[in-house]
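Residue numbers (the numbering used here): 11 to 212.
Put into C-alpha cells, the structure is as follows:
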C-alpha cells in the first residue's frame, strides 16, 4: 500500500467503533469527506494522508510518536497542528480554542487547507442536527476561518460559503428571495468542494 492507502486503513481501524455526533453514521464518513476535498484540491500525498489521520490523536488511542513512526514527520506535524487541545487540559473551552487558533495560524498552507475541508464537512450539517450547539459552534468556526490566511483562496472561499450558509440557516433567513439567492451560491460552492449533485435535493 502507498502512504495514502496506509493512512486510510489506519484511520478506518482506529475509528471503527465511532459514530458521528447527531447523525449516527460511521465516523469514517467524515474522514472520507475531508480527505476527498483535500485530494480534489490537488494537495500533496502527505496532506491527503494527514487528512485521513487528522482526528486519530484527538479521538482515538493513537499517539503522535506512532503517527510519526508509521507515516513520517511531515504527516505527524500536520496531525499535531490539527489536534485540538483536550478538555482534560484544565482549560475552559474558550482558552482551548484560542490556543488551537494560534497553532493553526502558524501552520503551513496544506495544514490550513485540511482545516478548511474539516470545517466544510462539519458546518454543512450542524444546524440541521443540533441548532442549539450550532449557536456556540459557528462563532468558533468563524474565528478559526479568520486566521486561516495561508489556505488557497478557492478552498477558503468554499469554507466561508459553508459557514455563511449555516449561519443563515440558523438565523432562519433563508426564506426571502435575497437570502435564498445567497444560500444557493453557498450551496453550489459547497457542492464543488464535496462533488455533491445538489440538483437532486432542490
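C-beta atoms are modelled at their ideal positions from N, C-alpha and C, and glycine is treated no differently.
Item: N- and C-terminal bounds of the alpha helix (DSSP H) containing residue 110; Value: 103-115
Item: The stretch 75-93 in contact with the stretch 53-60 per 3-pair CB rule at 8 Å; Value: yes
Item: Where the alpha helix (DSSP H) containing residue 40 begins and where it ends; Value: 38-50
Item: Alpha carbon of residue 161 to alpha carbon of residue 115, nearest angstrom; Value: 10 Å
Item: For residue 178 and residue 128, the rounded distance between their alpha carbons; Value: 20 Å
Item: Between the CA atoms of residue 105 and residue 148 - distance to the nearest angstrom; Value: 16 Å
Item: For residue 173 and residue 125, believed in contact at Cβ under 8 Å, the rounded distance; Value: With a Cβ gap of about 12 Å, residue 125 and residue 173 do not count as contacting.
Item: Straight-line gap, residue 146 to residue 135 (C-alpha atoms, nearest Å); Value: 15 Å
Item: Beta-carbon gap between residue 70 and residue 111 smaller than 8 Å; Value: no
Item: Presumed contact (8 Å Cβ cut-off) between residue 44 and residue 30, rounded CB distance; Value: With 8 Å as the limit, residue 44 and residue 30 do not qualify as a contact, their Cβ atoms being about 12 Å apart.
Item: Among 120, 151 and 180, nearest to residue 50 - alpha-carbon criterion; Value: 120
Item: Terminal residues of the alpha helix (DSSP H) in which residue 29 lies; Value: Neither: residue 29 is in no alpha helix (DSSP H) and is coded neither H nor E.
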